[in-house]
Amino acid sequence: MSEKIPNNRVAYGKALVSVGETRPNVVVLEADLGKGTQTVLFRERFPERYFPVGIAEGNMMGVAAGLATTGLVPFASTFCVFASMRAVEQFRNSIAYPRLNVKVVATNAGIEIGPDGATHQAIEDIAIMRAIPNVTVLVPSDPVMTMKLIPMVADSMGPVYVRIGRQDTPYLYDESTLHLEFGKAVLAREGYDVTIIAIGNMVCRSLAAAEILEREGISARVLDMFSIKPLDSDAIVQAARETGCIVTAEDHNILGGLGGAVAEVLSAELPVPLVRVGVQDTFAESGDGEAVLRAYGLTAERIAEAARIAMARRDGLRRT
Amino acid sequence: MNRNIHQLEAIANELRCLALRAIYLAGSGHPGGSLSAAEIVTALYFSVLNIDPACPDWPERDRVVLSKGHGCPILYAALAKRGYFPLEELWTLRKLGSRLQGHPDMRKTPGIDATTGSLGQGISVAVGMALGGKFQGKSYRVYAIMGCGEQQEGQVWEAAMSAAHYCLDNLVGIVDYNTLQIDGCNAEIMEIAPLSDKWRAFGWHVLEVNGHDIAQLLDAFAEAKNTRGKPTAIIARTIKGKGVSFMENQVKWHSSILTKEHFEQAMTELGCDGYFAAACKETSHV
Ligand SMILES: Cc1ncc(C[n+]2csc(CCOP(=O)(O)OP(=O)(O)O)c2C)c(N)n1
Numbered sequence: 083m084s085e086k087i088p089n090n091r092v093a094y095g096k097a098l099v100s101v102g103e104t105r106p107n108v109v110v111l112e113a114d115l116g117k118g119t120q121t122v123l124f125r126e127r128f129p130e131r132y133f134p135v136g137i138a139e140g141n142m143m144g145v146a147a148g149l150a151t152t153g154l155v156p157f158a159s160t161f162c163v164f165a166s167m168r169a170v171e172q173f174r175n176s177i178a179y180p181r182l183n184v185k186v187v188a189t190n191a192g193i194e195i196g197p198d199g200a201t202h203q204a205i206e207d208i209a210i211m212r213a214i215p216n217v218t219v220l221v222p223s224d225p226v227m228t229m230k231l232i233p234m235v236a237d238s239m240g241p242v243y244v245r246i247g248r249q250d251t252p253y254l255y256d257e258s259t260l261h262l263e264f265g266k267a268v269l270a271r272e273g274y275d276v277t278i279i280a281i282g283n284m285v286c287r288s289l290a291a292a293e294i295l296e297r298e299g300i301s302a303r304v305l306d307m308f309s310i311k312p313l314d315s316d317a318i319v320q321a322a323r324e325t326g327c328i329v330t331a332e333d334h335n336i337l338g339g340l341g342g343a344v345a346e347v348l349s350a351e352l353p354v355p356l357v358r359v360g361v362q363d364t365f366a367e368s369g370d371g372e373a374v375l376r377a378y379g380l381t382a383e384r385i386a387e388a389a390r391i392a393m394a395r396r397d398g399l400r401r402t
Numbered sequence: 017m018n019r020n021i022h023q024l025e026a027i028a029n030e031l032r033c034l035a036l037r038a039i040y041l042a043g044s045g046h047p048g049g050s051l052s053a054a055e056i057v058t059a060l061y062f063s064v065l066n067i068d069p070a071c072p073d074w075p076e077r078d079r080v081v082l083s084k085g086h087g088c089p090i091l092y093a094a095l096a097k098r099g100y101f102p103l104e105e106l107w108t109l110r111k112l113g114s115r116l117q118g119h120p121d122m123r124k125t126p127g128i129d130a131t132t133g134s135l136g137q138g139i140s141v142a143v144g145m146a147l148g149g150k151f152q153g154k155s156y157r158v159y160a161i162m163g164c165g166e167q168q169e170g171q172v173w174e175a176a177m178s179a180a181h182y183c184l185d186n187l188v189g190i191v192d193y194n195t196l197q198i199d200g201c202n203a204e205i206m207e208i209a210p211l212s213d214k215w216r217a218f219g220w221h222v223l224e225v226n227g228h229d230i231a232q233l234l235d236a237f238a239e240a241k242n243t244r245g246k247p248t249a250i251i252a253r254t255i256k257g258k259g260v261s262f263m264e265n266q267v268k269w270h271s272s273i274l275t276k277e278h279f280e281q282a283m284t285e286l287g288c289d290g291y292f293a294a295a296c297k298e299t300s301h302v
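If you read the sequences in order, they're chains A and B. Residue numbering for the first sequence follows this note's numbering, beginning at 83 and increasing consecutively. Residue numbering for the second sequence follows this note's numbering, beginning at 17 and increasing consecutively.
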């Protein structure tokens, strides 16, 4: 990757184009948000394989299902709010239940989208999508990962939901060393005192939190749980065993998303103290993206604080 | 397939008997909307469709999407009669382990092209199949059977708009216009008339037929095939529960449990008293 890709949406658009170059059966559907989701890049390169459906997300899911029955590999894109809520029943019944090979890649995840406000801030989509059988749920964290992931998605069989953020994001990984496998967390940083499990835009903030903690002599492991489903239970249990406490960090409601998924594994396999950083079951509001994240506690400082709390609980101390 | 109208009418009657027996033995299901679609399904499966029951996944086959998925007993009867699976399997409808689910499942049942049951979705899937066919230069055709109550779903009109936009002349939408839904008639629940005007306004070629007149249905399917540049909607006037006097035009027979008496009277009226004794000797235990 020679030129710098500013964010995961652009990475998605570029990855789609490169997937399109080598896979003639890949087609793209879009519900009038191609400029946001960056499927416009595919439209420019392969206009004959780009099917706008208009502002009709439910129909988009059904059309994608029908296309998939003919052997094509449809990527259907819109914002997370609409993909996972407006059209969820169509996704469930027309795509997930019959295990059709449709890839829903939705952008503008979470409250980081900022000024558009709560109507456009998807904080429930992971919880919804991972509750549907047959669906793979993926949340890439940086452009390098997104570029690597999209071809894997194209070559996978069955329904996939990919959740992508809107804002610009730093590179976290090196293309040559990043190894991705569905169901396997990426170890973003090794550590032994506490484990921070993060996704999407919270991975870089978790790495920043690990830096803060390091200055205090705390060694924090950071796991990038980009594969929400299948989930890497082994990595979670291993982290519980080795660090004895866990923090989750996600730009999503703490109910049912990454925090919920990790809590399910821990309570069943190896209960240890868990602190969930995320949207605390409330709708957020308009504002500059960073300001909104700060206002709702999605910051490196808050993650670091959560790590201290988790460690204190583990050590039998109660903070007041 | 070269069958005359008389033979096709006899098949429609037979499918009615098979569907009702399946529903009767299942102890639940949807007789009214199965019976109203008998001629539509017969015309398709025994005359119009280019299909091969020995090869249900043949890529070049014509596709049928039963968008009103609850009417599947009549479709299962047609598939069984065409040899996609044994007739006896019809008696497993809705039972644990059966390949015949309460609503169509393309992964379980040979010959079912789309998983449906949630009203409004099948027509979108049919649009995708037709679009995929056009895109890949295939000559197969796609038929979507919808209910009239189903016309109230917004998604139907999203799909209608998209089919016209993509000039899908390989797509036919059939509305089983029996005027009844679950809670009453369309007019009292949510009026859908003027239905032909609506489809026309959405850019479709529209034909109105008597949905129990096989000759009219065949003509309409032929005209649809010769229509270029736009999809065709066939508004088929039907009677819910058609063929069984006490079910005809009765809202409650959308889905009611058939007693033994109901079932036997229905068989008598359809002239099928002796039919099952002859056709299904080996399943006399059911
Ligand atoms: C989205 C959705 N909502 C509700 C139902 C429940 N339902 C099943 S059949 C039916 C009435 C269908 O009426 P119509 O389309 O006229 O079919 P027909 O009369 O031909 O049986 C309803 C509301 C459903 N299957 N899907």
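Quick reminder that beta carbons are idealized off the backbone N, C-alpha and C, glycines included. All values reported here derive from a predicted model rather than from experimental measurement.
Contact with chain A by residue i, beta-carbon distance below 8 angstroms
i	result
B/Arg123	yes
B/Val141	yes
B/Glu166	no
B/Glu25	no
B/Glu76	no
B/Ser114	no
B/Glu204	no
B/Leu286	no
B/Leu109	no
B/Met283	no
B/Leu31	no
B/Leu147	yes
Any non-hydrogen atom of ligand 1 closer than 7 angstroms to residue i Cβ
i	result
B/Gly194	Sequence inspection shows Asn at residue 194 of chain B; the Gly mentioned does not correspond to that position. Yes, the beta carbon of B/Asn194 sits closer than 7 angstroms to at least one heavy atom of ligand 1.
B/Gly133	yes
B/Gly48	yes
B/Ile198	yes
B/Gly163	yes
B/Ser44	no
B/Ser52	yes
B/His86	yes
B/Gly136	yes
B/Phe228	Note on identity: in this sequence residue 228 of chain B is His, with Phe being the wrong assignment. No, Cβ of B/His228 sits at least 7 angstroms from all heavy atoms of ligand 1.
Below-8 angstroms beta-carbon distance, residue i vs any chain B residue
i	result
A/Asn141	yes
A/Ala394	no
A/Asn175	yes
A/Leu154	yes
A/Gly148	yes
A/Val135	yes
A/Arg400	For A/Arg400, the predicted structure reports a pLDDT of 46, less than 50, and the residue's modelled location is therefore unreliable. The matter cannot be settled from this model.
A/Leu98	no
Start and end residues, alpha helix (DSSP H) containing residue i
i	result
A/Tyr94	90-104
A/Ala394	382-396
B/Ala236	230-241
A/Thr119	116-119
A/Ser258	Careful: A/Ser258 lies outside any alpha helix (DSSP H) and carries neither H nor E.
B/Glu25	21-42
Boundaries (first-last residue) of the beta strand (DSSP E) holding residue i
i	result
A/Pro134	132-134
A/Thr218	218-220
A/Ser309	309-311
B/Ala217	Not the beta strand (DSSP E): B/Ala217 falls in the alpha helix (DSSP H), residues 211-217.
A/Arg245	242-245
A/Asp306	302-306
B/Glu224	221-226
Contact test: residue i Cβ vs ligand 3 heavy atom, cutoff 7 angstroms
i	result
B/Glu166	As presented, the structure is devoid of ligand 3, carrying ligand 1 as its sole ligands.
Which ranges does the beta strand (DSSP E) cover as unbroken runs of at least 3 residues, wholly within the stretch 246-283 of chain B, from first to last along the chain? Listed in chain order, they are 248-253.
Report yes or no: do the stretch 40-47 of chain B and the stretch 262-278 of chain B share at least 3 C-beta pairs separated by less than 8 angstroms? yes
Using 8 angstroms as the Cβ pair cut-off and three pairs as the minimum, do the stretch 193-201 of chain A and the stretch 232-241 of chain A touch? no
Counting Cβ pairs closer than 8 angstroms, one from the stretch 374-393 of chain A and one from the stretch 186-200 of chain B, do we hit at least three? Result no; under three Cβ-Cβ pairs closer than 8 angstroms.
Length-filtered (4 minimum) alpha helix (DSSP H) runs lying within the stretch 52-115 of chain B: 54-59, 88-98
Could I get the ranges of all uninterrupted beta strand (DSSP E) runs contained in the stretch 167-198 of chain A, with 3 residues as the minimum, in chain order? 185-189
Unbroken stretches of the beta strand (DSSP E), 3 residues or longer, contained in the stretch 158-211 of chain B: 158-163, 187-193
Contained beta strand (DSSP E) runs [length at least 3] in the stretch 316-377 of chain A, N- to C-terminal order: Counting whole runs of 3 or more residues, the stretch 316-377 of chain A contains the beta strand (DSSP E) stretches 328-335, 356-361.
Counting Cβ pairs, one atom from each stretch, are 3 or more of them under 8 angstroms apart for the stretch 150-167 of chain B and the stretch 183-198 of chain B? yes
Evaluate contact between the stretch 360-374 of chain A and the stretch 17-33 of chain B, counting only Cβ atoms and requiring at least three cross-stretch pairs below 8 angstroms. no
Is the stretch 256-264 of chain A close to the stretch 338-352 of chain A, with three or more CB pairs under 8 angstroms? no
Just checking, does the stretch 121-133 of chain A make contact with the stretch 93-103 of chain A on the three C-beta pairs under 8 angstroms criterion? The stretch 121-133 of chain A vs the stretch 93-103 of chain A: in contact.
Sufficient close CB pairs (3 or more, under 8 angstroms) joining the stretch 286-302 of chain A to the stretch 382-389 of chain A: Flag = yes, the stretch 286-302 of chain A and the stretch 382-389 of chain A touch.
Are three or more beta carbon pairs between the stretch 388-398 of chain A and the stretch 276-283 of chain A nearer than 8 angstroms? yes
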